[in-house]
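Everything below concerns the one structure shown next.
Numbering (this note's numbering), first residue to last: 10 to 111.
Listed below in structure tokens is the structure:
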């Protein structure tokens with residue numbers, strides 16, 4: 010199972026989201042081909058009602074502690090309550106690390 014799928018399954022089990030999108034963005038970074046290290050997560054759940062952004066991030070990091078301690082190098086989180094969700098999240102910025110500096 011891909012790491013992106015593993016992340017998605019853990020988040021679905023914990024947060025019962027109304028929307029989830031987990032994308033591996035490693036190919037956009039200066040890493041070996043086939044790497045799974047950089048991820049973008051869009052997560053919409055009723056469990057985020059009344060929580061500040063930092064509390065939402067802490068909950069997600071808690072669920073993904075094993076992945077964050079190991080293979081995951083970067084995790085872009087876009088976390089919303091259903092009332093906040095507008096149907097799309099910001100795109101990830103261009104990577105300027107390593108050989109991709111402009």
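All residues carry an ideal CB built from backbone N, CA and C; glycine is no exception. Everything numeric in this text was worked out from a predicted model, so none of it was measured.
Closest to residue i by C-alpha separation, out of the options, would be which residue?
i	options	result
residue 57	47, 32, 92 and 84	92
residue 51	10, 84, 45 and 79	84
residue 24	98, 101, 49 and 66	66
residue 1	20, 55, 10 and 64	Past the boundaries of the shown model lies residue 1; the chain is included only from 10 to 111, so the question cannot be answered.
residue 10	45, 30, 22 and 27	45
For the beta strand (DSSP E) that contains residue i, what are its first and last residues?
i	result
residue 63	Premise fails: residue 63 lies in the alpha helix (DSSP H), 62–72, not in any beta strand (DSSP E).
I'd like to confirm the pairing. Which residues does DSSP put opposite residue i in its beta bridges?
i	result
residue 48	33 and 84
residue 89	53
Assuming residue i contacts residue j under a Cβ cut-off of 8 Å, what Cβ separation, rounded to an integer in Å, is found between them?
i	j	result
residue 101	residue 34	6 Å
residue 87	residue 99	7 Å
residue 12	residue 75	Contact flag wrong, Cβ pair sits at about 11 Å.
Using only the heavy atoms of the ligand NAD, determine whether one of them is closer than 7 Å to the beta carbon of residue i.
i	result
residue 95	Because no ligand of any kind appears in the structure shown, any question about the ligand NAD cannot be addressed here.
Specify, as a first and last residue, the run of the alpha helix (DSSP H) that residue i falls within.
i	result
residue 25	Where residue 25 is concerned, there is no enclosing alpha helix (DSSP H), given that its DSSP letter is neither H nor E.
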